[in-house]
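Asks: Sharing a structure, written as structure tokens. Questions coming.
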Amino acid sequence: TFFAPLGLRGTMYCDVKPIIPHRADGYEFEGRLVNADYLSMNQPFSAGPLCSTTGGLVKWTRALASGKVVSPSSYARMTTPEPLTSRRPMTYAYGLVADTLGRHRVVLHGGGINGFISDLRHYPHDSLVIAVLANTAAPPANEVGAAIARTVLGVPAPAPVMPKDMATTAADRAPFVGNYLLTMTDGRRQRLRIYEQGDPLFVEGFGERPIRMRWQGGTLFLGPGRMMFDVTGNR
Numbered sequence: 005t006f007f008a009p010l011g012l013r014g015t016m017y018c019d020v021k022p023i024i025p026h027r028a029d030g031y032e033f034e035g036r037l038v039n040a041d042y043l044s045m046n047q048p049f050s051a052g053p054l055c056s057t058t059g060g061l062v063k064w065t066r067a068l069a070s071g072k073v074v075s076p077s078s079y080a081r082m083t084t085p086e087p088l089t090s091r092r093p094m095t096y097a098y099g100l101v102a103d104t105l106g107r108h109r110v111v112l113h114g115g116g117i118n119g120f121i122s123d124l125r126h127y128p129h130d131s132l133v134i135a136v137l138a139n140t141a142a143p144p145a146n147e148v149g150a151a152i153a154r155t156v157l158g159v160p161a162p163a164p165v166m167p168k169d170m171a172t173t174a175a176d177r178a179p180f181v182g183n184y185l186l187t188m189t190d191g192r193r194q195r196l197r198i199y200e201q202g203d204p205l206f207v208e209g210f211g212e213r214p215i216r217m218r219w220q221g222g223t224l225f226l227g228p229g230r231m232m233f234d235v236t237g238n239r
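Under our numbering, the first residue of the sequence shown carries the number 5, and numbering increases by one thereafter.
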């Protein structure tokens, strides 16, 4: 009733019991490749139990943007962020991220589940759709998607920012200690706790191990893999 009329033959509810031909296994990297932890699809439910292919995701994106899934007015709301009362700019709208790469408008969203990570981006004015699927968690699928777009559209990569890793005093650290609700660029939210342990600050909530935060001045901190934190609001 939903996928077949759109021609999405390789897109389905990804129940773990049925044999699905050509279904990829999910892996994690712990110094070596290991099988990802088992996860019943009853747990993510509507938030993430779908299987698809790169071709299927491209076809889905074109169908969604052309009015074959929701009305044009609904799609406009899905891709138009509303300003917050604080006037802080946002890129997340009703289910999709609306942003720019250089001067090119992009509508995008990422996803992740045990052993898998994905990135889907649409450049409507350039007739370009990029779908990145990886079955090893957690490679930077969003960085791969952005790099492909930059190559196709001729947008130069930004100059790398060298970390400052500034020392902190107790007075520097005190304003940042507390509990937070982090809003990621793809709209997901994560509860975090920032605490001090000597000179550095640590954040926990991304996994089992706390992450050391390297102060870059002001409200900016750098984590592993050049993950940048702007610790303002939402405490």
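We put the beta carbon where it would ideally sit given N, CA and C, even for glycine.
Determine the closest residue to Gly158 out of Asp41, Asp130, Arg81 and Asp176, with distance taken between C-alpha atoms.
Replies: Taking the first residue of the sequence shown as position 1, residue 158 is located at position 154. Of the candidates Asp41, Asp130, Arg81 and Asp176, the one whose C-alpha sits nearest the C-alpha of Gly158 is Asp130.
Asks: Is it a yes or a no for the stretch 136 to 148 touching the stretch 32 to 50, going by three-plus beta-carbon pairs under 8 angstroms?
Replies: Result yes; three or more Cβ-Cβ pairs closer than 8 angstroms.
Asks: By how many angstroms is the C-alpha of Pro162 removed from the C-alpha of Val62?
Replies: Within the sequence shown, the letter at position 58 stands for residue 62. Within the sequence shown, the letter at position 158 stands for residue 162. One C-alpha to the other measures close to 27 angstroms.
Asks: Can you give me the start and stop residues for the beta strand (DSSP E) that Glu200 sits inside?
Replies: Sequence index remark: in the sequence shown, residue 200 carries index 196 (1-based). Start and end: Arg193 to Glu200.
Asks: Can you list, in chain order, the residues of its chain with a C-beta nearer than 7 angstroms to that of Met232? Leave out the 5 residues immediately preceding and following it.
Replies: What you label residue 232 is simply residue 228 of the sequence shown in a count that begins at 1. For Met232, where only same-chain residues beyond five positions count, the Cβ hits under 7 angstroms are Leu224 and Leu226.
Asks: Looking only at its own chain, which residues have a Cβ that is under 6 angstroms from the Cβ of Leu4, when we skip the five neighbours before and after it?
Replies: Since the first residue of the chain shown is 5 and the last is 239, residue 4 is not available in this structure.
Asks: Report all residues from its chain with a CB closer than 6 angstroms to the CB of Ala145; omit the five preceding and five following residues, and keep chain order.
Replies: Locating residue 145 in the sequence shown gives position 141, counting from the first residue. Contacts found: Ile121, Ser122, Asp123, Val136 and Ala138.
Asks: Taking Ile215 as part of the beta strand (DSSP E), name the residues at either end of that continuous run.
Replies: Here residue 215 refers to the residue found at position 211 when the sequence shown is read from its first residue. Ile215 -> beta strand (DSSP E) spans Ile215 to Gly221.
Asks: Quick check on this structure: which residue in Gly116, Trp219, Gly35 and Cys55 has the alpha carbon closest to the alpha carbon of Val20?
Replies: Translated into positions along the sequence shown, residue 20 becomes position 16. Out of Gly116, Trp219, Gly35 and Cys55, Cys55 has the C-alpha closest to the C-alpha of Val20.
Asks: At the level of alpha carbons, what is the spacing between Arg36 and Asn118?
Replies: Here residue 36 refers to the residue found at position 32 of the sequence shown. Here residue 118 refers to the residue found at position 114 of the sequence shown. One C-alpha to the other measures close to 16 angstroms.
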